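What follows is a short report on a single structure.
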Amino acid sequence: MKCSLVWFRFDLRLADNPALTAAVERGEPVIPVFVWSPAEEGKWVAGAASRWWLHQSLQSLDAGLRRCGSRLIVRREPTLKTLRELIVRTRADAVFWNRRYEPAIVSRDQTIQKKLQDSGVTVHTFNTALLFEPDTIRTTAGKPFQVFTPFWRTCLKSREPAAPLPAPRRLQGPKRWPVSVPVTALELEPEIDWAGGLRTAWRPGEPGARAALRRFINDGLCGYAADRDRPDVAGTSRLSPHLHFGEIGPRQVWDAMRSGVAGPYLRQLGWREFAHHLLVHFPQTPDQPLRPEYDRFPWRDDGKLLGVWQRGRTGYPIVDAGMRELWTTGWMHNRVRMIVGSFLVKDLLIPWQRGAKWFWDTLVDADLANNTLGWQWTAGCGADAAPFFRLFNPVGQGERFDPEGAYVRRWVPELAEVPARWIHRPWQAPVTVLRDAGIVLGKDYPKPIVDHAAARERALRAFGRMRKR
DNA sequence: TGAAATGTTGGGGCG
DNA sequence: ACGCCCCAACATTTC
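Residue numbers (our numbering): 77 to 545.
Dropping the structure here:
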């Protein structure tokens, strides 16, 4: 008897999973497989927060498969060897998977596909991570886009994304299941349990993803355009980690949002598409600025200041609130990501790659395409990026987008009693105000590590020097 | 998906 | 009634 392997990666769901559906439709028994392969991911191995999420998501996927009469076979790398061994043991003659777009993974997968085909196994790959396949979107000159708006306009003019596929109801298993290790054997969870904040904030897995989408469509979508920039209001979808791990697919989101008010949100999905488009066409950008002149930028790679930023001790409340939200929950509001990013790159002149690395390790939604786009945008060195001289004022941004200071109070509790008028600039508050709030600056909460006005001038001078050289 | 500096306009107080 | 100044509000330029 023949059978089909379905190799799960960042598509940890049963619904709208074309690889799984195609395998089921083939009619032979289906063996779902996950292979943990950190050494094959190149420089960008899942960080600690992502590994925590992956652990939960794999268990959820296994539970979902068991409800369909199946189960998840979990193994460790090397992937090709593992797949071959499973093929021999189960007499599988076809392997199905959904494509990934990270440069190291693309080349690994091509090798695996070729070697499997050379040994007589059929390979079927699918796109389910993106609404539009990166190769199919081109300028009229046939080149990749480097500006978002024409890119997205071209996407919207091209063929409408396919309707999402239903989840299979039952999966036929083999007579004998191959050996699997328990998910815990992958040692994805931290040894010291620091993940309490993550557990409170998230419900990884396909059912949690679906619930998050429902909640957003019912409560959030109408106010999205108005609230999406407000970290003190739960105005965003919080779908990013679910999308990254493929617990829900962009087609499902697209399909669920056919109402007219969805435009501004779907545009954000457009940025996700654009990020993957750029990563595919400019594979060096996770490490290298797209605009090469930024290699000559006079950065100040100060490890001590980097540590202060990472721990949320800069003395700028909106920056510190963001960094602590990230550390506690594995996530940060996008507006605040731009603010802390601008602060690291422009106020501290620390290379954007340090920020990207920190986000990579601490975000549950760490995604190579999105993270790369975000940091190159912030640093001004990417495609369609914010110009370098567009500096965020951390006080002004705080007052504009967290006017009552509720976001700061939540994540920087030592400032909880500071009145709204001073909460984004406590160093300017009268001594009596600070005394009444029960804090001593420099002791309970740091004084600003740099003076923003001076830092701004310094950044503009550095930018000028880069351009002159 | 910036912010500061600089320029312009117009209303109102006041001699 | 008139001119002058001040300043807020808004627009434009610059980095």
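Note that CB positions come from ideal geometry on N, CA and C, so glycine has one too.
Since the structure is predicted, the reported quantities are computational estimates derived from the model, not experimental observations.
Check your understanding: Taking C-alpha atoms, which residue in E178, P179, H320, R167 lies nearest to S195?
Key -> Taking the first sequence and counting its residues from 1, one reaches residue 195 at position 119. Cα-wise, what sits closest to S195 is R167.
Review point. Is it the case that the Cβ atoms of P105 and G249 are separated by a distance below 9 Å?
Key: In the first sequence, residue 105 corresponds to position 29, counting from 1. In the first sequence, residue 249 corresponds to position 173, counting from 1. Yes, the Cβ-Cβ distance between P105 and G249 is below 9 Å.
Point to revise | Span separating the alpha-carbon of A442 from that of T508 | key: As a working mapping, residue 442 is identified with position 366 in the first sequence. As a working mapping, residue 508 is identified with position 432 in the first sequence. Whole-angstrom Cα-Cα distance: 43 Å.
Review point. Of all the options A492, L207, A530, A397, which has the alpha carbon lying nearest to the alpha carbon of P307?
Key: Indexing the first sequence from 1 puts residue 307 at position 231. It is A397.
Exercise for review: Kindly indicate which three-state DSSP category V440 falls into: helix, strand or coil?
Suggested key: On the first sequence, residue 440 is found 364 positions in, with the first residue counted as 1. V440 falls in the coil class under three-state DSSP.
**Study point:** Contiguous alpha helix (DSSP H) assignments of at least 4 residues, all confined to the segment 390 to 462
**Key:** 393 to 405, 410 to 418, 428 to 438, 444 to 455
**Study point:** In DSSP terms, what T198 is bridged to
**Key:** What you label residue 198 is simply residue 122 of the first sequence in a count that begins at 1. BP columns for T198 point to A170.
Practice item. Indicate the three-state DSSP secondary structure (helix, strand or coil) for I107 in the structure shown. Key: By one-based count along the first sequence, residue 107 stands at place 31. Strand, per DSSP.
Exercise for review: Determine, using beta carbons only, whether I163 and L192 come nearer to each other than 9 Å.
Suggested key: Position 87 of the first sequence, counted from the start, is the residue given in the question as residue 163. Position 116 of the first sequence, counted from the start, is the residue given in the question as residue 192. A contact, by the Cβ cut-off of 9 Å.
Review point. With DSSP run on the structure shown, which of helix, strand or coil describes S80?
Key: As a working mapping, residue 80 is identified with position 4 in the first sequence. Of the three classes helix, strand and coil, the one that applies to S80 here is strand, per DSSP.
Check your understanding: Should P546 go down as buried or exposed, given a rule of 16 or more other Cβ atoms within 10 Å for buried?
Key -> In this structure the chain extends from 77 to 545, so residue 546 is not present and cannot be described.
Point to revise | Three-state class that DSSP yields for V150 in the structure shown | key: The residue you call residue 150 lines up with position 74 of the first sequence. Of the three classes helix, strand and coil, the one that applies to V150 here is strand, per DSSP.
**Study point:** As assigned by DSSP and simplified to three states, the class of Y177
**Key:** Your numbering for residue 177 matches position 101 in the first sequence. Note: Y177 maps to coil in three-state DSSP.
**Study point:** Proximity of A125 and T438 at Cβ, strictly below 9 Å
**Key:** Residue mapping note: residue 125 aligns to position 49 of the first sequence, counting from 1. Residue mapping note: residue 438 aligns to position 362 of the first sequence, counting from 1. Yes, they are a contact pair.
**Study point:** Bridge partner(s) assigned by DSSP for L517
**Key:** On the first sequence, residue 517 is found 441 positions in, with the first residue counted as 1. DSSP, once it has assigned bridges, lists Y521 as partnering L517.
Practice item. Taking R314 and L382 to be in contact with their CB atoms under 8 Å, please state how far apart those CB atoms are, rounded to whole angstroms. Key: What you label residue 314 is simply residue 238 of the first sequence in a count that begins at 1. What you label residue 382 is simply residue 306 of the first sequence in a count that begins at 1. Contact flag wrong, Cβ pair sits at about 27 Å.
Check your understanding: Which one of E265, T198, D185, T204 has the shortest CA to CA distance from W129?
Key -> As a working note, residue 129 is residue 53 in the first sequence. The shortest C-alpha separation from W129 is found at E265.
Exercise for review: In the DSSP assignment, find the unbroken alpha helix (DSSP H) run with A261 in it and report its ends.
Suggested key: Within the first sequence, numbered from 1, the residue matching residue 261 stands at position 185. Premise fails: A261 is in no alpha helix (DSSP H) and is neither H nor E.
Check your understanding: For D377 versus I426, is the C-beta distance shorter than 9 Å?
Key -> In the first sequence, the residue the question calls residue 377 occupies position 301. In the first sequence, the residue the question calls residue 426 occupies position 350. Cβ atoms of D377 and I426: closer than 9 Å.
Review point. Among K219, A205, T215, S256, which one has its Cα closest to the Cα of A238?
Key: Counted from its first residue, the first sequence places residue 238 at position 162. Closest by alpha carbon: A205.
Review point. Whole alpha helix (DSSP H) runs in the segment 218 to 266 with 4 or more residues, listed along the chain?
Key: 224 to 233
**Study point:** Residues near R152 in its chain [Cβ-Cβ closer than 6 Å; skip 5 each side]
**Key:** Residue numbering aside, residue 152 sits at position 76 when the first sequence is read from its first letter. The answer, listed in chain order, is W112.
Check your understanding: By a C-beta neighbour count over all protein chains shown, 10 Å radius and 16 as the cutoff for buried, is K433 buried or exposed?
Key -> Here the question's residue 433 lines up with position 357 in the first sequence. Answer is buried; the Cβ neighbour count reaches 16.
Check your understanding: How do the segment 85 to 100 and the segment 310 to 326 stand: do at least 3 beta-carbon pairs fall below 8 Å, yes or no?
Key -> yes
Practice item. Excluding the 5 residues preceding and the 5 following V72 in the sequence, name in chain order all residues of the same chain whose CB lies nearer than 8 Å to its CB. Key: The chain is shown from 77 up to 545; residue 72 falls before or after that span and cannot be answered.
Point to revise | Cα-Cα separation, T225 to R411 | key: Sequence index remark: in the first sequence, residue 225 carries index 149 (1-based). Sequence index remark: in the first sequence, residue 411 carries index 335 (1-based). Each residue's alpha carbon lies about 20 Å from the other.
**Study point:** Alpha-carbon spacing of G540 relative to R534, whole angstroms
**Key:** Locating residue 540 in the first sequence gives position 464, where the first residue counts as 1. Locating residue 534 in the first sequence gives position 458, where the first residue counts as 1. Cα-Cα distance, rounded: 10 Å.
Review point. With burial defined as no fewer than 16 other Cβ atoms inside 10 Å of the residue's Cβ, what is the status of E263: buried or exposed?
Key: For this step, residue 263 is matched to residue 187 along the first sequence. E263 should be labelled exposed.
Review point. Should A351 be labelled buried (16 or more other beta-carbon atoms within 10 Å of its own) or exposed?
Key: For this step, residue 351 is matched to residue 275 along the first sequence. By the neighbour-count rule (16 or more Cβ atoms within 10 Å), A351 is buried.
**Study point:** alpha helix (DSSP H) runs contained entirely in the segment 268 to 346, provided each spans 4 or more residues
**Key:** 272 to 277, 282 to 291, 300 to 303, 316 to 320, 326 to 332
Practice item. Could you give the DSSP three-state label for W385: helix, strand or coil? Key: Within the first sequence, the letter at position 309 stands for residue 385. If DSSP states are grouped into helix, strand and coil, W385 belongs with the helices.
Check your understanding: Which partner residues of W503 appear in the DSSP bridge assignment?
Key -> The sequence position of residue 503 within the first sequence is 427, counting from 1. Answer is none; W503 lacks a bridge partner.
**Study point:** Minimum C-alpha distance to Q189 - residue among R160, R246, E117, L148
**Key:** Against the first sequence, residue 189 aligns to sequence position 113. For the residues R160, R246, E117, L148, the minimum Cα distance to Q189 belongs to R160.
**Study point:** Within 9 Å, strictly: CB atoms of L81 and F110
**Key:** As a working mapping, residue 81 is identified with position 5 in the first sequence. As a working mapping, residue 110 is identified with position 34 in the first sequence. Not closer than 9 Å, so no.
Practice item. Name the two residues that bound the continuous alpha helix (DSSP H) containing S133. Key: Taking the first sequence and counting its residues from 1, one reaches residue 133 at position 57. Taken as a continuous stretch (DSSP letters only), the alpha helix (DSSP H) holding S133 covers 124 to 143.
Exercise for review: Measure the CB-CB distance between I515 and V494 and report whether it falls below 9 Å.
Suggested key: Locating residue 515 in the first sequence gives position 439, where the first residue counts as 1. Locating residue 494 in the first sequence gives position 418, where the first residue counts as 1. It is a contact, given that the beta carbons lie within the stated cut-off.
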